[in-house]
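This report refers to the structure that appears directly beneath it.
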Amino acid sequence: MPRPRRAAAEEARRINAPNHPPPTRRSARAPNNQLADDSDIMEIFSGDEDDELSPGGSSEDDSFISDNDDVLDLDDDTAADSVLAAVIEASLDDYVMQSPRRRAVLDDTLANDDSDVREDVNASTSSGEAPARVVIVSDDESVHSDDGPRPPKRAKTESPKKAKVEVFDDGDGDDGCTICFDSYTTNGDHRLVSLKCGHFYGKSCIERWIRGEKAPHCPQCKAKAGIKDIRTHYARTVQITDNSELESTKKSRDEYKRMVTSLELDVARHLNTIRELEEKLTKAPSAAAVTAFQVYKFKLAVGNKLAMSCDGCRAIDFDDQFVYIGYNRKGALFSGYSLQILDMRLKRGPNSPLHTGKIRQFAICPSLTTRLLSVGEDNTAVIYDLQTSQKVKTFRLDTPGWTCCWLSDTECAIGLRNGRVFKYDVTAASDQRPVDLTGGDGPFPIHHLSYFDKFSLLLIGSMRRVLGYYRGATIPLLDNAKDNFQKISAVASDPSSQKILVVLPDGDGQRPIEHRLYHIREEGPTLKCVEVGRFSTKSLSLPYLISPCLFRFADSDVSVMYETDLKRIAVHDWSGRRPDIYQTIPEFGQVAAIRAIRVNESEMRLIVVADTGVTSSRLLHTN
């Protein structure tokens, strides 16, 4: 039914009362297109309770209507409703613009140019609060006071409980609680907490975990933990940077630094070695001389031979002119063992009887070459004068003598089969007791004695060890247990170079015979044998004692030994510059001893003593 026109006019008059002037058409909407709250809207619609419409109307209403030329036809319900809605909207906008209310806007995002707000955020963050802010602005941000733009007012930051928490990858491959694998929350039961070890969990999960364990611990690192160790974190954003690659790079850098330091030390050491070698090179002979020296080699030439009955005599020694051999003389006047003198071509000279038993060793006195010391198996030791061909003195021994040497022109040492070594004074009375150098300890026979003038050392060789009598005491130099060998079949020495050679046969004859070269050196108050090298012959058998020889020749240590199963002598250069050479000797029975006599710088004469003869060979150093 059409609405009366007057009723519509009265409704319009009531709305536009004196307390509410006619609205102007301007927009003053709140940000985000939000209207004022519901209480304001209800106030508008309620109006003035005392302002009631009179049934008759007034002239002001008529004038208002008459002044509007564009008044719609209010008899139409649709048009009336449109007018009413427009009037209400205009009145509402005008009321909101004139109201003193302000809006509280929560701004959780920091603009790049908002420096004053950023400083406020930094201050709040340092005090443990979340970086959120609350700004008070006017209803219309485009309208300012006459005094100019008014900066936004600041309020206290929002409670950390309402802050946003965002957990980034912490290196464990997940973005949430490692117990339930759910995301963390900013508050509530599953808010972000950590233990004292630093691992993060949801609060409800870690509390349930700790209460359910007999020995509470961190689920990840197994460190001890309790309820009191749970720590709550207040942060808008939790971000952990993955620095594993950086730490790995630092570790690699440190390793490279250590490697560089080590290499620098090696380089410095090698440079020092190079300088030393360069100095030696400048002092060394020319390259042509070195080349000529390197092509030199050893050569064995057959010498002379002499058939004679040595019959187990092992005695041999020499001086500048003659060779002295133990000889079994069989005749009507004297049946025993004599001293046979030979020249360098093995021509016989005079002979003199010395012992009734086999002669084991001869020794020419170095400082008095006319004196010869001889020991034999007849329990005697004889000092013989080569110039007068007379015995000077005879010593009675407790057991057969096996070896001897001179300590000076008045003292000598004699080694016995019972392992004892005695020192005798040639000038003392015959009834004077000798000095026991081994202190009564000698379980094995003594088969080698030699004296080193440089150290005033008496070298003592037995079947199990090598000793030294040094500064009034006996010291061990080699021992079968300590130096890993079974027994010593022979010892040779070269006092001029302080070297000794030991022959070590294999006990079962399955391995080659080994020769070891040692250098005797002083170490503080004592002496020590330092191994120089090892050499194994091709021979597997050494059924009896054979005395080899060791000497210095052609700037090298050279040894000569006899290989019983191959029936040949072998010459070995310990420097390795020359190959080994061999020579088969005539069948003169068992070889007892070998000696080398220097002829000149390029020739040595080798004398081999056997049961039924003596042979000589020439060792040459040629190209």
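With this note's numbering as the guide, the letters of the sequence shown map in order to residues 2 to 624. For each residue, glycine too, the CB sits at the ideal point set by N, CA and C. Quick caveat: nothing in here was measured; it's all calculated off a predicted structure.
Gln391 counts as exposed, since fewer than 16 other C-beta atoms from the protein chains shown sit within 10 angstroms of its C-beta. The beta-carbon distance between Phe552 and Asp495, rounded to whole angstroms, is 6 Å. This is short enough to meet the 8 Å contact definition. Put simply, the segment 364-373 does not touch the segment 344-354. Fewer than three CB pairs are less than 8 Å apart. For Leu355, the enclosing beta strand (DSSP E) begins and ends at Arg349 to His356.
Secondary structure at Val561: strand, using DSSP grouped into helix, strand and coil. Around the beta carbon of Leu607, 16 or more other beta carbons sit within 10 angstroms, so the residue counts as buried. The C-beta of Lys258 has fewer than 16 other C-beta atoms within 10 Å across all chains shown, which makes the residue exposed. Shortest Cα-Cα distance from Asn188 to any of Ile180, Ser537 and Lys204 involves Lys204. Under DSSP, Val592 forms a beta bridge with Ala611. Taking a cut-off of 8 Å on C-beta distances, the segment 560-569 does not touch the segment 275-286, as fewer than three cross pairs fall below it.
Between the beta-carbon of Met464 and that of Phe445 there is about 4 Å, and that keeps the pair under the 8 Å contact cut. Note on Ala269: under 16 other CB atoms within 10 angstroms of its CB, so exposed under the neighbour-count rule.
Our two residues, Ser245 and Phe536, have alpha carbons roughly 58 Å apart in a direct line.
Counted as a single uninterrupted DSSP element, the beta strand (DSSP E) harbouring Lys306 occupies residues Lys298 to Ala308. Residues of the same chain with a CB within less than 8 Å of the CB of Ser263, apart from the 5 flanking positions on each side, do not exist. Exclusion of the five residues before and after Gln591 leaves Asp612 as the residues of its chain whose Cβ lies within less than 6 Å of its Cβ. In the displayed model, Ser249 falls within a helix according to three-state DSSP. The C-alpha of Lys252 is placed about 48 Å away from the C-alpha of Arg522. In this structure Ser497 is exposed. Its beta-carbon is surrounded by fewer than 16 other beta-carbon atoms within 10 angstroms.
In terms of CA proximity to Cys206, Thr186 leads the group Cys198, Thr186 and Pro587. If you ignore the 5 residues before and after Thr371, its C-beta comes within less than 7 Å of the C-beta of Asp386, Leu387 and Gln388, all in its own chain and listed in chain order. In the structure shown, Asn273 falls within a helical segment according to DSSP collapsed to helix, strand and coil. Per DSSP, reduced to three states, the secondary structure at Arg212 is helical. The three-state reading of DSSP puts Ser263 in helix, counting H, G and I together. DSSP, reduced to helix, strand and coil, places Glu256 within a helical segment of the structure shown. Among the bridge pairs identified by DSSP, Ile586 is matched with none. For Arg466, the enclosing beta strand (DSSP E) begins and ends at Arg466 to Tyr471. In the DSSP assignment, Asn329 falls within the beta strand (DSSP E) that extends over Phe323 to Arg330. Around the beta-carbon of Gly469, 16 or more other beta-carbon atoms lie within 10 Å, marking it buried. Phe554 is bridged by DSSP to Ser557.
Listed in chain order, the beta strand (DSSP E) runs fully inside the segment 413-463 are 422-426, 447-453 and 458-463, counting runs of at least 3 residues. Following the DSSP letters along the chain, one finds Trp403 inside the beta strand (DSSP E) bounded by residues Gly402 to Trp407. Under the three-state reduction of DSSP, Lys359 is assigned to coil, being neither helix nor strand.
As the crow flies, the alpha-carbon of Cys550 is around 13 Å from that of Ala316. In the structure shown, the three-state DSSP call for Ile489 is coil. Met260 has its alpha-carbon roughly 15 Å from the corresponding atom of Thr250.
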